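If you read the sequence shown in our numbering, its first letter stands for residue 96, the second for the next number, and so on.
Presented below is the structure to which this report refers.
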Amino acid sequence: MSTVVFWSPVNGRGTSSHLILSALMITLTHHVRVLSMHMQRAGDSIEAALPVREDTMDHMTNIFATTGWNALLRLYLSCNLTRDKFRDYTVPLSRQLDLLPGARVQNGVDVIEEYSKYMPSVLKTASEVYDLVMLDAGNRDRMEREVLKDADVVVINLDQNLRVLEHYFGDTELKKDLENKKVIVTVGQYDADSHCSINNMKRRFNYKHPVIAVPYCTEFKDAWNRRDVPSYLQQNMNQDKKNGQRGEHASSIRELAKCIMDNAGLRTILKQLERGA
């Protein structure tokens with residue numbers, strides 16, 4: 096129904112972590128079906144936050160032969176990809192959240208160059224299956240920016256580095272790409288004591304749209320390194336700001352999830368369904 100693309104002009108600004116956290120939060124708190132996907136190699140991007148299956152190598156080889164980008168594209172190129180078959184090529188993370196694993200490719204193959212040309216068709220089919228398709232489009236690369244054209248909502252991931260902010264807000268070409276999009280800006284690793292606060296940032300760049308601060312959280316970082324982010328969020332999703340780092344972090348992810356749902360129009364639809372409209 097709606098495609099949400101996460102992107103950043105530079106590396107390491109929380110694009111992957113913000114996607115997987117908000118996808119998990121949305122499916123834990125709402126009755127919606129969500130697909131999470133990315134444009135990197137298998138095991139990278141959002142997959143780095145998830146547990147590794149303890150299986151034999153033969154079984155893992157079979158898993159990746161029948162799921163993920165490679166298997167999905169084989170079906171697409173044979174003109175057999177339909178909405179009824181799409182979920183068969185994903186990995187369920189929960190009852191409502193699926194993952195399309197990244198590509199298994201040989202060394203030297205540019206994943207983005209190889210697969211981005213198929214992205215519009217894949218997203219179109221996915222949107223017929225899921226209420227929300229959430230794509231990690233990476234950072235910087237021109238081909239990745241092309242994917243923004245297929246988005247209904249764009250989440251731009253920044254930080255408090257003034258040079259990065261000046262580059263983003265001064266990019267006239269990017270402004271044209273985004274002018275008809277619903278845009279949410281996140282500021283990762285947020286330091287509330289920095290002079291580069293959300294209010295100062297919006298004032299300096301005359302920015303009127305949503306900006307969500309996602310503060311640094313030690314326990315989340317440890318969960319990412321353990322590949323245990325789903326369990327971490329389940330345990331902390333209802334923490335409030337009085338619970339310190341964990342509470343501030345959870346509160347920011349709830350705010351981001353709500354903002355995504357609102358901009359995608361899904362909260363309005365859910366309310367209408369609840370009223371029997």
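Note that the Cβ used here is the ideal one computed from N, Cα and C, for glycine as well.
Predicted model only: the values in this text are computed from it and were never measured.
- Note on His304: under 16 other CB atoms within 10 angstroms of its CB, so exposed under the neighbour-count rule.
- Between the alpha carbons of Thr313 and Asn301 lies a distance of about 32 Å.
- In terms of Cβ geometry, Thr110 and Asp193 do not form a close pair [threshold 9 Å].
- For Val309, the beta-bridge partners assigned by DSSP are Gly283.
- Straight-line spacing of the CA atoms in Val129 and Val228 works out to 6 Å.
- With a cutoff of 9 Å on beta-carbon distance, Tyr210 and Ala198 are scored as near each other.
- At a Cβ-Cβ threshold of 9 Å, Tyr225 and Met96 count as neighbours.
- In the displayed model, Arg199 falls within coil according to three-state DSSP, outside both helix and strand.
- Here Leu123 really is in contact with Gln329; their C-beta atoms are around 7 Å apart, less than 8 Å.
- The C-beta separation of Ile293 from Glu350 comes to about 12 Å, leaving the pair out of contact by the 8 Å criterion.
- Under DSSP, Lys277 takes part in a beta bridge, and its partners are Val248.
- Membership of Met229 in the beta strand (DSSP E) is indicated by the continuous run 227-234.
- Counting along the chain, Phe101 sits inside the beta strand (DSSP E) bounded by residues 97-103.
- Counting only the Cα atoms, Ser346 lies some 20 Å from Ala359.
- Inclusion of Val280 and Val100 in the CB contact set at 9 Å is not warranted, their separation being larger than that value.
- For Ser131, the enclosing beta strand (DSSP E) covers residues 129-133.
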